[in-house]
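Structure first, then comments.
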Amino acid sequence: MYVATKGGERAIEAAHQWLAEARRGDPAVPELSIAQIREQMTLAVNRVMAEGSLYDPDLAALAIKQARGDLIEAIFLIRAYRTTLPRFGGALPVETDEMAVTRRISATFKDVPGGQVLGPTFDYTHRLLDFALMADGDAPQAARKPAETQPVPHILQLLDRDGLMEPLTQGEATPPDLTREPLEMPADRPLRLQALARGDEGFVLSMAYSTQRGYGRTHAFVGELRIGTCAVEMEIPELGFAVEIGEIELTECETVNQFTGSKTEPAQFTRGYGLVMGQSERKAISMSLVDRALRWDELGEENTGAPAQDAEFVLYHCDNIQATGFLEHIKLPHYVDFQSELELIRKLRRDAGAETCKEAAE
Amino acid sequence: MDHAEILAGGFDDPAAQSARAFRACLEAMARPGRIQPITGAAPPAPISPAAGAVLLTLVDTTTPLYLAPSQDTQATRQWIAFHCGAPIVPAEEAAFALGAWGALQPVSRFAIGTADYPDRAATLIVEMPGATPPSARLAGPGIETCHEACLPEIAAFAANRTQFPLGFDCYFSAGSQLWALPRSTNVEAL
Amino acid sequence: MSEAAYNFAYLDEATKRMIRRALLKGLAIPGYQVPFASREMPMPYGWGTGGVQVTAACLTPEDCLKVIDQGADDTTNAVSIRKFFERTAGVATTEHTAEASVIQTRHRIPEQALTEGQILVYQVPIPEPLRFLEPRESETRRMHALEEYGLMHVKLYEDIARHGAIATSYAYPVKVEGRYVMDPSPIPKFDNPKLGGNAAIQLFGAGREQRIYALPPYTQVVSLDFEDHPFEPSKADHDCDLCGAAQSYLDEVITDDRGGRMFICSDTDFCASRRADGLRGRLSPEEAA
Numbered sequence: 001m002y003v004a005t006k007g008g009e010r011a012i013e014a015a016h017q018w019l020a021e022a023r024r025g026d027p028a029v030p031e032l033s034i035a036q037i038r039e040q041m042t043l044a045v046n047r048v049m050a051e052g053s054l055y056d057p058d059l060a061a062l063a064i065k066q067a068r069g070d071l072i073e074a075i076f077l078i079r080a081y082r083t084t085l086p087r088f089g090g091a092l093p094v095e096t097d098e099m100a101v102t103r104r105i106s107a108t109f110k111d112v113p114g115g116q117v118l119g120p121t122f123d124y125t126h127r128l129l130d131f132a133l134m135a136d137g138d139a140p141q142a143a144r145k146p147a148e149t150q151p152v153p154h155i156l157q158l159l160d161r162d163g164l165m166e167p168l169t170q171g172e173a174t175p176p177d178l179t180r181e182p183l184e185m186p187a188d189r190p191l192r193l194q195a196l197a198r199g200d201e202g203f204v205l206s207m208a209y210s211t212q213r214g215y216g217r218t219h220a221f222v223g224e225l226r227i228g229t230c231a232v233e234m235e236i237p238e239l240g241f242a243v244e245i246g247e248i249e250l251t252e253c254e255t256v257n258q259f260t261g262s263k264t265e266p267a268q269f270t271r272g273y274g275l276v277m278g279q280s281e282r283k284a285i286s287m288s289l290v291d292r293a294l295r296w297d298e299l300g301e302e303n304t305g306a307p308a309q310d311a312e313f314v315l316y317h318c319d320n321i322q323a324t325g326f327l328e329h330i331k332l333p334h335y336v337d338f339q340s341e342l343e344l345i346r347k348l349r350r351d352a353g354a355e356t357c358k359e360a361a362e
Numbered sequence: 001m002d003h004a005e006i007l008a009g010g011f012d013d014p015a016a017q018s019a020r021a022f023r024a025c026l027e028a029m030a031r032p033g034r035i036q037p038i039t040g041a042a043p044p045a046p047i048s049p050a051a052g053a054v055l056l057t058l059v060d061t062t063t064p065l066y067l068a069p070s071q072d073t074q075a076t077r078q079w080i081a082f083h084c085g086a087p088i089v090p091a092e093e094a095a096f097a098l099g100a101w102g103a104l105q106p107v108s109r110f111a112i113g114t115a116d117y118p119d120r121a122a123t124l125i126v127e128m129p130g131a132t133p134p135s136a137r138l139a140g141p142g143i144e145t146c147h148e149a150c151l152p153e154i155a156a157f158a159a160n161r162t163q164f165p166l167g168f169d170c171y172f173s174a175g176s177q178l179w180a181l182p183r184s185t186n187v188e189a190l
Numbered sequence: 001m002s003e004a005a006y007n008f009a010y011l012d013e014a015t016k017r018m019i020r021r022a023l024l025k026g027l028a029i030p031g032y033q034v035p036f037a038s039r040e041m042p043m044p045y046g047w048g049t050g051g052v053q054v055t056a057a058c059l060t061p062e063d064c065l066k067v068i069d070q071g072a073d074d075t076t077n078a079v080s081i082r083k084f085f086e087r088t089a090g091v092a093t094t095e096h097t098a099e100a101s102v103i104q105t106r107h108r109i110p111e112q113a114l115t116e117g118q119i120l121v122y123q124v125p126i127p128e129p130l131r132f133l134e135p136r137e138s139e140t141r142r143m144h145a146l147e148e149y150g151l152m153h154v155k156l157y158e159d160i161a162r163h164g165a166i167a168t169s170y171a172y173p174v175k176v177e178g179r180y181v182m183d184p185s186p187i188p189k190f191d192n193p194k195l196g197g198n199a200a201i202q203l204f205g206a207g208r209e210q211r212i213y214a215l216p217p218y219t220q221v222v223s224l225d226f227e228d229h230p231f232e233p234s235k236a237d238h239d240c241d242l243c244g245a246a247q248s249y250l251d252e253v254i255t256d257d258r259g260g261r262m263f264i265c266s267d268t269d270f271c272a273s274r275r276a277d278g279l280r281g282r283l284s285p286e287e288a289a
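Protein chains in written order, with this note's numbering: chain A, 1 to 362; chain B, 1 to 190; chain C, 1 to 289.
Okay, structure coming up:
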């Protein structure tokens with residue numbers, strides 16, 4: 001005898017208790033502290049801050065702990081928290097020229113003013129598991145050198161000076177805010193960059209990769225990749241001037257791409273741009289490639305139908321919180337609609353059967 | 001007008017009072033011509049309590065407001081600046097407009113939306129001397145058969161209806177009474 | 001979550017004002033999808049964030065809220081959303097359709113006729129009825145602007161050519177007041193006739209897709225069809241096995257692995273009320289005993 005299932009509330013509660021227990025794992029193993037995650041899982045923390053659009057390493061570490069290391073879940077926790085915060089105003093644009101760099105490389109020149117600074121990179125490491133990390137021990141001390149006091153110039157400025165780069169035009173308009181206004185098509189570049197900056201790293205990476213393989217190719221060189229800290233300043237109306245409210249770590253990538261030009265206009269290199277919170281260079285490079293691919297129209301290029309050239313496709317599908325929510329919602333009951341489909345398919349089969357019988361009888 | 005007066009007359013309990021006031025706005029817009037009581041605001045004259053509540057509920061720094069000469073005083077400007085923060089703009093740029101019907105003329109100045117975005121149209125808050133006598137017969141969405149309501153004129157609303165789905169939408173306020181006329185309503189003189 | 005840390009009904013007042021303005025424009029242009037800056041909610045996109053934001057913008061402290069999913073009050077997501085509003089808005093909740101002033105629903109319209117003073121809030125996954133025919137938003141927006149709905153008729157007609165009938169059984173498109181083609185959310189087409197001429201206010205929220213739309217009471221809503229293939233609402237050809245109702249939408253429940261099945265009302269409150277009134281079906285426990 002069927003009895004309608006009751007007690008959904010009790011089941012949910014029990015599932016959540018189980019989740020809390022599973023999150024903690026074996027209680028004989030010491031619990032992770034937020035500080036440990038913040039200091040030792042830095043790149044995970046950075047990704048959660050970047051895609052969660054909230055610069056707060058402690059909260060990102062808390063989210064990672066609460067999400068059992070599921071970074072999309074952690075990003076979701078941060079986004080849901082962020083949306084409840086009051087807004088005091090907008091910061092001034094950060095001056096990446098003034099960045100205190102920890103890493104700064106260019107693939108377009110062998111050496112550059114300010115030097116190539118490798119910084120803490122996985123590049124050139126041999127990807128061999130380091131079993132020493134399984135044992136406890138102090139990390140080796142890296143060699144030290146005094147910090148640069150001079151700002152490190154942007155490399156693309158050097159090409160700019162010779163007129164080889166497409167000029168940057170500074171707009172006066174305040175860029176739209178993706179988190180406060182509905183996404184509207186066609187999207188201009190500030191809006192596209194905003195969406196990409198908080199877009200899923202994997203999605204943006206694959207889109208960028210597809211341009212390299214020929215789906216909207218743009219011949220990108222990494223003109224400069226820099227990682228470091230920048231001051232964030234805000235105008236305080238009561239004071240009448242800007243004050244520094246903090247410092248954030250940023251990764252910036254500028255690409256130099258295939259040129260435009262015509263018989264009348266001399267050829268110039270074009271640009272792609274990526275800027276991401278935290279140390280997140282895979283994302284920043286990917287972003288600059290996709291940004292460049294999306295600029296086909298303004299640069300007078302052909303739309304080859306490549307996915308990375310399609311702003312609607314990219315922008316509507318790059319957000320992993322939207323994507324994961326909608327994907328996973330198909331776990332919810334759909335039996336009412338399924339029942340409706342059942343009725344329909346039975347009716348169609350019945351009608352078809354009747355038709356066949358009629359034909360046979362004739 | 002001193003500071004105390006400017007600071008007064010808003011919602012004491014904004015979340016609950018604006019929720020109740022919004023339900024009056026919602027019911028009014030959903031059932032054209034039907035009068036809804038709406039309370040909680042005490043704006044400076046000549047803004048009615050009903051219009052004041054609509055302002056507190058719907059208008060803020062993101063919604064440019066046109067203040068028709070009939071309601072445009074130093075006191076009303078200060079009250080709106082403090083409680084809503086809405087930028088005061090010319091009629092053509094307004095998302096909301098407040099005034100007596102005569103003072104809002106010509107209403108052809110107000111945004112009626114675009115074919116792609118008909119929602120980008122102005123909402124007029126029309127201050128009325130009273131909610132009676134009924135002058136128009138209304139029919140359309142929100143009305144089962146027909147409904148009688150007090151409107152300041154007929155022709156302008158009939159003309160507005162012909163532009164559907166474009167057009168402006170109206171609230172009417174008198175004392176603590178609120179009623180509405182969306183662009184979708186057919187209007188006939190009684 | 002510490003409830004005191006959040007505003008009444010969770011959303012901050014500025015966000016509510018933005019949603020409220022969108023709702024009013026939605027009512028003024030029945031069936032038109034108003035873009036709104038949907039916020040991240042503490043539940044995933046696709047799980048009712050649009051409906052939750054609309055409900056949060058509408059609730060007053062005096063409201064009595066009912067939440068259903070698949071017509072049932074006790075499905076897990078309905079329980080979760082009801083609990084969210086109990087905690088963040090402190091409103092009374094009910095399972096009885098007649099007692100509720102606001103009803104949030106996923107995939108059904110209650111069997112019992114709604115009344116004036118009630119608001120029905122739909123959770124909508126894909127608000128654009130033309131989306132599966134044309135994936136581009138910029139294109140579908142133009143099509144609505146120009147009232148260019150030929151593509152939809154072609155699709156329905158192709159169904160008839162292939163299957164002999166319109167092969168859409170839920171989220172069946174409707175035309176509102178002779179102007180906008182609207183997606184009624186994934187309700188079974190059995191529920192379509194209740195969309196039009198309804199005494200309640202019907203509000204639709206799509207969070208991920210950032211759209212709000214509305215049907216004022218007594219709005220004219222017509223399910224798309226052809227003269228020679230008129231729209232037919234349909235349900236399982238049975239009576240409810242628990243309450244005996246002949247006119248309610250039924251769920252099919254598989255009871256064993258030998259083909260045994262029973263049919264019961266999807267609207268759990270409707271079914272329970274009938275049984276409380278002493279009405280019985282083929283397999284009521286009392287009959288079986």
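Just so you know, even glycine gets a beta-carbon here, dropped at the ideal spot from N, CA and C.
Asked: Let me confirm a value: residue 308 of chain A is counted as buried when at least 16 other C-beta atoms fall within 10 Å, else exposed. Which label applies?; Found: buried
Asked: Given a limit of 7 Å on CB to CB distance, which residues of the region 140-173 of chain B reach chain C?; Found: 141, 142, 143, 144, 165 and 169
Asked: Where does residue 144 of chain A fall in DSSP's three states?; Found: coil
Asked: According to DSSP, is residue 211 of chain C helix, strand or coil?; Found: strand
Asked: May I have the straight-line CA-CA distance separating residue 171 of chain B from residue 11 of chain B, to the nearest angstrom?; Found: 20 Å
Asked: Please state the DSSP three-state secondary structure of residue 176 of chain B.; Found: coil
Asked: Mapping DSSP to helix, strand and coil, what is residue 35 of chain C?; Found: strand
Asked: DSSP three-state call for residue 1 of chain A: helix, strand or coil?; Found: For residue 1 of chain A, the predicted structure reports a pLDDT of 36, less than 50, and the residue's modelled location is therefore unreliable. A value from the coordinates is still provided. Three-state DSSP puts residue 1 of chain A in coil, outside helix and strand.
Asked: Just to check my reading of the structure: residue 46 of chain C and residue 328 of chain A have Cβ atoms closer than 8 Å, yes? What is that Cβ distance to the nearest angstrom?; Found: 7 Å
Asked: Is the Cβ-Cβ distance between residue 80 of chain B and residue 58 of chain B less than 9 Å?; Found: no
Asked: Around the Cβ of residue 77 of chain A, are there at least 16 other Cβ atoms within 10 angstroms (buried) or fewer (exposed)?; Found: buried
Asked: Rounded to the nearest angstrom, what separates residue 382 of chain A and residue 107 of chain A at their Cα positions?; Found: The requested residue 382 of chain A does not occur in the structure, where chain A is confined to residues 1 to 362.
Asked: With a floor of 4 residues, list each alpha helix (DSSP H) that falls wholly inside the region 280-349 of chain A, ordered by position along the chain.; Found: 281-294, 311-317 and 320-328
Asked: Going by the beta-carbon positions, is the gap between residue 216 of chain C and residue 27 of chain C smaller than 9 Å?; Found: yes
Asked: Can you give the Cα-Cα distance for residue 114 of chain A and residue 171 of chain A, rounded to whole angstroms?; Found: 29 Å
Asked: So, for residue 219 of chain C: in the same chain, excluding its five sequence neighbours on each side, which residues have a beta-carbon less than 7 Å away from its beta-carbon?; Found: 30, 176, 177 and 196
Asked: Taking only three categories from DSSP, how would you classify residue 174 of chain A?; Found: coil
Asked: Which bits of chain A does residue 164 of chain C rub up against, with CB to CB less than 9 Å?; Found: 348, 351, 352 and 355
Asked: Going by beta-carbon coordinates alone, are residue 255 of chain A and residue 280 of chain A separated by less than 9 Å?; Found: no
Asked: Who are the near neighbours of residue 285 of chain C in its chain, counting only those whose CB is closer than 8 Å to its CB and skipping five residues on each side?; Found: none
Asked: Compile a chain-ordered list of the residues in the region 183-198 of chain A whose CB is closer than 9 Å to at least one CB of chain C.; Found: 183, 184, 185 and 186
Asked: At a CB-CB cut-off below 7 Å, which residues of chain C make contact with residue 337 of chain A?; Found: 107, 170, 186 and 188
Asked: For residue 180 of chain C, which of C/144, C/72, C/260 and C/64 has the nearest alpha-carbon?; Found: C/144
Asked: Quick check on residue 159 of chain C: does DSSP put it in helix, strand or coil?; Found: helix
Asked: Counting only Cβ pairs nearer than 9 Å, list the residues of chain A close to residue 121 of chain C.; Found: Under the 9 Å cutoff, chain A gives no residues; its nearest Cβ is about 17 Å from residue 121 of chain C.
Asked: Going along the region 107-125 of chain B in order, which residues come within less than 9 Å of chain C, judged by CB to CB distance?; Found: 113, 114, 115, 116, 117, 118, 119, 120, 121 and 123
Asked: For residue 66 of chain A, which option in A/16, A/85 and A/136 has the closest C-alpha, if you only look at C-alpha atoms?; Found: A/16
Asked: How would you label residue 137 of chain C, buried or exposed, when you count the other beta carbons within 10 angstroms and need 16 or more for buried?; Found: buried
Asked: May I have the straight-line CA-CA distance separating residue 181 of chain A from residue 37 of chain C, to the nearest angstrom?; Found: 5 Å
Asked: DSSP puts residue 147 of chain B in a beta bridge; with which residues?; Found: B/138
Asked: Could you give the first and the last residue of the continuous beta strand (DSSP E) run that contains residue 122 of chain C?; Found: 119-123
Asked: Quick check on DSSP: helix, strand or coil for residue 152 of chain C?; Found: helix
Asked: Between residue 182 of chain C and chain A, is any beta-carbon pair separated by less than 9 Å?; Found: no
Asked: By Cβ distance, which residues of its chain are closer than 6 Å to residue 39 of chain C, with the 5 residues on each side in sequence left out?; Found: 15
Asked: Does the beta carbon of residue 63 of chain A sit closer than 9 Å to a beta carbon anywhere in chain C?; Found: no
Asked: Taking the DSSP output, what are the residues bridged to residue 180 of chain C?; Found: C/176
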